[in-house]
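In the working numbering, the protein residues as written are 16 to 563. Heads up: the structure comes next, in structure tokens.
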Ligand code: GLC
Ligand code: CA
């Protein structure tokens with residue numbers, strides 16, 4: 016049972032972050048996640064593809080960089096037309112990664128190190144080869160006929176949605192949720208306008224939801240700690256604009272978790288915390304959507320006139336664009352759950368594509384000191400590159416973000432013993448390809464900065480997911496950005512110019528309401544100092560001060 020902290024937001028000392036009756040997995044507060052793409056993390060049997068034993072082998076590494084939670088991309092049986100997001104059997108580990116027993120052992124080994132493990136739940140669709148679908152496409156009605164969305168006649172398609180006709184004996188067309196290989200599971204329609212559309216409370220739609228709960232229970236019973244949920248907003252079709260019917264399904268699932276697995280976490284791929292966190296998710300990803308707050312921080316390179324990212328050192332960015340998007344979301348949901356900042360994910364170009372190592376240091380410093388539950392994508396801790404390579408397993412432009420982890424300078428960067436041409440994806444063969452080994456021995460490396468930042472985050476509860484957040488200095492198109500996390504004052508100047516900010520009275524007010532005159536520096540990247548009440552920040556600097 017989660018006991019809420021007394022939470023002092025905007026000076027109201029009695030305000031609590033979460034409601035008394037809320038059950039929140041306590042471990043999420045101090046969680047720093049590491050996302051592992053199993054294909055390319057570590058291969059232990061020399062077949063050129065990463066495996067679960069490889070992840071187990073590297074758990075000490077994960078722990079050593081300060082990560083205490085994992086999200087593993089789908090590792091289930093699959094024809095791999097969408098790299099495993101086309102699940103053929105939800106309860107079976109894909110043989111190329113190992114066995115179910117290997118995964119149970121992974122949970123166990125992770126727990127011994129106090130690492131929690133999230134699997135990827137894909138509730139919106141299955142592979143066209145899943146046995147439910149093989150039954151559903153049969154001409155004779157059966158238990159699975161309504162498990163997917165079908166029209167009632169081969170010539171009648173589905174307006175406004177992708178669908179397939181002519182592929183089954185069954186007289187009808189079926190709806191897709193993503194690629195052609197991914198038929199949509201049937202959770203019903205928010206608004207039924209056709210005879211074949213079922214309402215979400217139809218027994219067949221309830222059966223789909225219950226089948227997904229059964230999958231969750233299966234893995235939770237074997238030691239998994241929760242799920243990252245793929246396309247979580249996609250369940251009910253033609254839902255209202257608030258996604259209420261989809262939200263009702265997640266509330267029902269959250270009730271099951273609260274009752275049966277109160278320490279399990281669910282984190283949504285939704286990128287709408289007002290909808291997702293109010294529907295029962297513990298955290299929601301802030302994804303890279305062109306023009307949103309997250310995008311303006313780090314990936315705003317598609318706007319005409321160059322790169323306008325705040326974290327790009329040329330100083331074309333504007334922190335207000337981020338805050339205008341983020342603050343309303345944070346304020347509206349801070350009592351419901353967390354917003355997750357990501358360094359990247361398997362769908363997004365690596366930040367190194369446009370940012371240099373020095374820029375990444377400042378970027379990761381920001382993401383690791385904002386509220387919510389942060390995620391580091393494997394390899395981002397050393398600044399792995401985005402490679403321009405041909406598509407693999409439905410990756411297309413995402414493929415360049417999924418290349419083998421660079422451990423050292425041995426064969427295949429220590430990823431695999433296989434011949435290089437047998438690797439799942441090509442390596443970064445550039446002369447200066449970053450590796451873990453090289454960065455470990457360089458005190459100023461990105462990897463060592465990440466380690467310092469994660470340990471700072473673990474050390475100060477104010478930096479945990481539910482610690483307070485307050486803006487101290489943010490001006491349109493100006494640097495630095497100064498914010499407060501509880502009794503910590505944090506300044507960030509990603510630009511290549513010196514910048515300063517006069518600190519106002521509120522910067523010196525402790526969270527218990529008392530005032531101090533002393534701010535002591537506890538961490539910095541680059542040079543930043545307080546000169547009387549002015550925070551003077553050298554180019555590309557970041558600093559954390561504590562209110563003594
Ligand atoms: C999510 C996944 C992505 C996958 C898609 C379909 O966006 O992150 O990799 O292709 O859903 O499942
Ligand atoms: Ca292997």
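All C-beta atoms, glycine included, are put in the ideal place defined by N, C-alpha and C. These numbers were taken from a predicted model, which means no experiment stands behind them.
Out of curiosity, what's the CA-to-CA distance linking residue i and residue j?
{"i": "residue 427", "j": "residue 452", "result": "13 Å"}
{"i": "residue 290", "j": "residue 546", "result": "44 Å"}
{"i": "residue 41", "j": "residue 538", "result": "27 Å"}
{"i": "residue 244", "j": "residue 100", "result": "11 Å"}
{"i": "residue 127", "j": "residue 70", "result": "14 Å"}
{"i": "residue 22", "j": "residue 527", "result": "Any reading at residue 22 needs caution, since the residue's pLDDT is 30, under 50, leaving its predicted position unreliable; the model's value is listed next. The alpha-carbon atoms of residue 22 and residue 527 are separated by roughly 10 Å."}
{"i": "residue 173", "j": "residue 382", "result": "42 Å"}
{"i": "residue 388", "j": "residue 134", "result": "16 Å"}
{"i": "residue 115", "j": "residue 304", "result": "35 Å"}
{"i": "residue 511", "j": "residue 309", "result": "21 Å"}
{"i": "residue 192", "j": "residue 253", "result": "13 Å"}
{"i": "residue 107", "j": "residue 161", "result": "24 Å"}
{"i": "residue 213", "j": "residue 185", "result": "18 Å"}
{"i": "residue 183", "j": "residue 143", "result": "11 Å"}
{"i": "residue 241", "j": "residue 553", "result": "42 Å"}
{"i": "residue 410", "j": "residue 439", "result": "12 Å"}
{"i": "residue 517", "j": "residue 275", "result": "51 Å"}
{"i": "residue 321", "j": "residue 509", "result": "17 Å"}
{"i": "residue 158", "j": "residue 97", "result": "27 Å"}
{"i": "residue 199", "j": "residue 227", "result": "13 Å"}
{"i": "residue 223", "j": "residue 379", "result": "40 Å"}
{"i": "residue 497", "j": "residue 151", "result": "56 Å"}
{"i": "residue 541", "j": "residue 377", "result": "10 Å"}
{"i": "residue 550", "j": "residue 341", "result": "24 Å"}
{"i": "residue 563", "j": "residue 536", "result": "10 Å"}
{"i": "residue 187", "j": "residue 175", "result": "17 Å"}
{"i": "residue 478", "j": "residue 285", "result": "24 Å"}
{"i": "residue 523", "j": "residue 506", "result": "14 Å"}
{"i": "residue 196", "j": "residue 470", "result": "43 Å"}
{"i": "residue 633", "j": "residue 432", "result": "An answer regarding residue 633 cannot be provided, because it is not within the stretch 16 to 563 covered by the chain."}
{"i": "residue 141", "j": "residue 544", "result": "55 Å"}
What are the boundary residues of the alpha helix (DSSP H) that residue i is part of?
{"i": "residue 308", "result": "308–313"}
{"i": "residue 71", "result": "67–72"}
{"i": "residue 470", "result": "461–474"}
{"i": "residue 230", "result": "218–236"}
{"i": "residue 119", "result": "115–127"}
Go ahead and label residue i buried or exposed: buried means 16 or more other beta carbons lie within 10 angstroms of its beta carbon, across all protein chains shown.
{"i": "residue 287", "result": "buried"}
{"i": "residue 324", "result": "buried"}
{"i": "residue 168", "result": "exposed"}
{"i": "residue 449", "result": "buried"}
{"i": "residue 204", "result": "buried"}
{"i": "residue 218", "result": "exposed"}
{"i": "residue 360", "result": "buried"}
{"i": "residue 430", "result": "buried"}
{"i": "residue 482", "result": "buried"}
{"i": "residue 149", "result": "exposed"}
{"i": "residue 557", "result": "buried"}
{"i": "residue 454", "result": "buried"}
{"i": "residue 29", "result": "Caution is warranted here: a pLDDT of 36 is assigned to residue 29, below 50, making its placement in the model unreliable, and the coordinate value is therefore given only provisionally. Residue 29 should be labelled exposed."}
{"i": "residue 354", "result": "buried"}
{"i": "residue 215", "result": "buried"}
{"i": "residue 190", "result": "buried"}
For residue i, report the span of its beta strand (DSSP E) as first-last.
{"i": "residue 50", "result": "48–51"}
{"i": "residue 545", "result": "543–546"}
{"i": "residue 131", "result": "131–136"}
{"i": "residue 552", "result": "549–552"}
{"i": "residue 300", "result": "298–300"}
{"i": "residue 85", "result": "84–87"}
{"i": "residue 341", "result": "Segment 334–348 is the alpha helix (DSSP H) holding residue 341; no beta strand (DSSP E) there."}
{"i": "residue 243", "result": "241–244"}
{"i": "residue 485", "result": "485–488"}
{"i": "residue 375", "result": "Unbroken run through residue 375 is the alpha helix (DSSP H), 372–382; no beta strand (DSSP E)."}
{"i": "residue 524", "result": "Premise fails: residue 524 is in no beta strand (DSSP E) and is neither H nor E."}
{"i": "residue 148", "result": "Where residue 148 is concerned, there is no enclosing beta strand (DSSP E), although the alpha helix (DSSP H) it sits in stretches over 146–151."}
Consider the C-beta atom of residue i and the heavy atoms of ligand 4; say whether any pair is separated by less than 7 Å.
{"i": "residue 244", "result": "No copy of ligand 4 appears in this structure; the ligands present are ligand 1 and ligand 2."}
Meets three-Cβ-pair contact criterion under 8 Å: the region 484–493 and the region 459–474: No, they do not touch.
Kindly confirm or deny that the region 291–302 and the region 250–268 touch, where touching means at least three C-beta pairs closer than 8 Å. With a cut-off of 8 Å, the region 250–268 and the region 291–302 count as touching, because enough Cβ pairs lie within range.
For ligand 2, which residues have a Cβ under 5 Å from at least one heavy atom, in chain order? This selection yields 58, 60, 62, 64, 66.
Do the region 415–427 and the region 397–406 touch if we need at least three Cβ pairs shorter than 8 Å? Contact between the region 415–427 and the region 397–406 is present: three or more C-beta pairs spanning the two stretches fall below 8 Å.
Given 8 Å, three or more beta-carbon pairs between the region 68–87 and the region 41–56: Counting Cβ pairs under 8 Å, three or more are found: they touch.
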